[in-house]
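Visitor: The structure is given below, and queries will be raised subsequently.
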Amino acid sequence: MGGEVDAAGGELRDRRHPRTALFWRSSATVTDVLDAPPEPPIIESARYLPEPCLFSPEQVTDYPNPSELSKELRDQLDDMSR
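Convert by adding 50 to the 1-based position in the sequence shown; the result is the number in this note's numbering.
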């Protein structure tokens, strides 16, 4: 695909799959709700057509990698008798 550029002006590499984009928005900013999502201008394959969905972030606890812990603490965690 020599010479093609994307919307950001970067040169496109080998594109075998549709480009994916995720847009974060607040429902408070949506003023006109559509009855149905708009149809994409070109559909090469029906399996590339996304299904409408909601993304619900959740809070998680991120624990350190065991290699980042002191040997004493790793030994305590490895002790199955506790």
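For glycine and all other residues, C-beta sits at the position ideal for the given N, C-alpha and C.
Which residues mark the beginning and the end of the alpha helix (DSSP H) in which Q126 is found?
Guide: The residue you call residue 126 lines up with position 76 of the sequence shown. Taken as a continuous stretch (DSSP letters only), the alpha helix (DSSP H) holding Q126 covers 121–128.
Visitor: Report, in whole angstroms, the separation of the C-beta atoms of P87 and P102, which I expect to be a contact under 8 Å.
Guide: What you label residue 87 is simply residue 37 of the sequence shown in a count that begins at 1. What you label residue 102 is simply residue 52 of the sequence shown in a count that begins at 1. Rounded, the Cβ-Cβ distance is 6 Å, consistent with contact.
Visitor: Going by Cα to Cα distance, which pick from L84, E89, F105, R124 is closest to P114?
Guide: Counted from its first residue, the sequence shown places residue 114 at position 64. Looking at the Cα atoms, R124 is the closest of the given residues.
Visitor: Could you give the distance in angstroms between the alpha-carbon of S77 and the alpha-carbon of Q109?
Guide: As a first step, residue 77 must be located in the sequence shown, where it is residue number 27. As a first step, residue 109 must be located in the sequence shown, where it is residue number 59. One C-alpha to the other measures close to 20 Å.
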